[in-house]
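Just below is one structure, and these are the notes that go with it.
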Amino acid sequence: MSFCLNCLNEYQEASWTDLYSPEVVCPSCYSKFNPRLESFPFMGRKAYSLYEYNDFFKTSLYRFKGCSDLALAPVFLCKTAFFLRLFFLGSVLVPAPSHREDDDERGFNHVEEIFKVLGLPMAMVLKKTERVKQAGSSLKERQEVGKRLAIEGGETLRGKRVLLVDDVFTTGSTAAAAGKLILAQKPKSLAFFFLSRVGKRNSGHRGFGGSEDPELPSCAHDGII
2 MSFCLNCLNE YQEASWTDLY SPEVVCPSCY SKFNPRLESF PFMGRKAYSL YEYNDFFKTS
62 LYRFKGCSDL ALAPVFLCKT AFFLRLFFLG SVLVPAPSHR EDDDERGFNH VEEIFKVLGL
122 PMAMVLKKTE RVKQAGSSLK ERQEVGKRLA IEGGETLRGK RVLLVDDVFT TGSTAAAAGK
182 LILAQKPKSL AFFFLSRVGK RNSGHRGFGG SEDPELPSCA HDGII
């Protein structure tokens with residue numbers, strides 16, 4: 002028996018994926034995330050989102066990020082960590098940045114903590130130079146986010162397969178600005194992964210494709226991923 006970190010209820014592990022991932026979220030909570038891995042084109046490259054941007058996801062993310070509940074970090078990717086680690090093996094993860102003052106206030110960088118469970122190398126090279134909240138910003142303000150981003154130590158990405166990771170894809174302004182900074186470092190390839198994507202679902206296609214990405218197994222289409 003295990004205790005769900007999200008709802009704090011006791012539950013019996015029922016999935017064989019629990020053998021490969023931390024037992025931290027119950028099947029009931031996980032199903033409410035409505036996991037459905039999808040891919041969509043972005044900046045002429047592959048982008049992926051995992052969850053529906055629903056009220057349950059928003060509340061869980063707020064409890065973790067907004068209320069600084071670090072214990073919830075593994076909840077978001079625990080069930081898919083084993084598969085995602087295989088799919089992106091050989092990639093360097095580059096977390097989307099938050100301002101240092103936000104990280105200090107929270108006590109951690111939320112994107113870094115979420116994606117640690119994948120066990121892949123991580124490069125914290127992107128920086129926010131101004132403390133501006135994306136939530137509540139106008140479209141014009143979001144489009145100008147590139148003016149508030151910088152990259153330090155980006156030469157370590159040269160010739161590497163890079164995966165830019167973030168919690169939520171909204172307008173794509175931050176991801177686009179960060180992607181341009183990364184591409185200037187001449188990586189071997191660049192892809193994007195978001196926990197959730199705001200907007201219409203099923204606008205992309207499910208599964209991984211292309212010459213550099215492994216095919217998604219059947220478990221991705223039957224609710225495991």
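Mind the numbering: the sequence shown is residues 2 to 226 in the numbering used here, read in order. Think of the CB as a built atom: it goes at the ideal place given N, C-alpha and C, for glycine as much as any other residue.
Hey, would you say the C-beta of Val-118 is under 7 Å away from at least one heavy atom of the ligand ZN?
For the structure depicted, the ligand ZN is absent and the ligand set is empty, with no information on it obtainable.
Report the option in Leu-38, Ser-40, Leu-6 and Lys-128 whose CA atom is closest to the CA atom of Ser-29.
Leu-6
Check Arg-162 in the structure and name its three-state DSSP category.
strand
To the nearest angstrom, report how far apart Lys-66 and Phe-193 are at their CA atoms.
21 Å
Using CA atoms only, rank isn't needed, just tell me which of Ala-185, Leu-165 and Pro-188 is closest to Ala-48.
Leu-165
Using a Cβ distance threshold of 8 Å, determine whether the segment 113 to 131 contacts the segment 82 to 89, with at least three qualifying pairs required.
yes
Looking only at DSSP bridge pairs, what is Leu-127 linked to?
Ile-152
For Arg-59 and Lys-181, I'd like the C-alpha separation in whole angstroms.
It should be pointed out that residue 59 corresponds to Lys in this sequence rather than to Arg. In a straight line, the C-alpha of Lys-59 is about 28 Å away from that of Lys-181.
Which residue marks the beginning of the beta strand (DSSP E) containing Glu-53, and which one marks its end?
46 to 53
Less than 7 Å between C-beta atoms, sequence neighbours within five positions excluded: which residues of the same chain meet that for Asp-103?
Arg-132
Can you list, in chain order, the stretches of the beta strand (DSSP E) that have 3 or more residues and sit fully within the segment 30 to 109?
36 to 43, 46 to 53 and 92 to 96
How about Phe-116 and Leu-90: are their beta carbons less than 8 Å apart?
no
Start and end of the alpha helix (DSSP H) containing Leu-6?
Leu-6 -> no alpha helix (DSSP H), and no H or E assigned at all.
Which same chain residues end up closer than 6 Å to Glu-11 when comparing Cβ atoms and leaving out the 5 residues on each side of it in sequence?
Met-2 and Phe-4
Looking at Tyr-54: is its Cβ nearer than 8 Å to the Cβ of Pro-36?
no
So Ala-177 packs on Leu-150, CB below 8 Å; how close in whole Å?
The Cβ separation is near 10 Å, so there is no contact.
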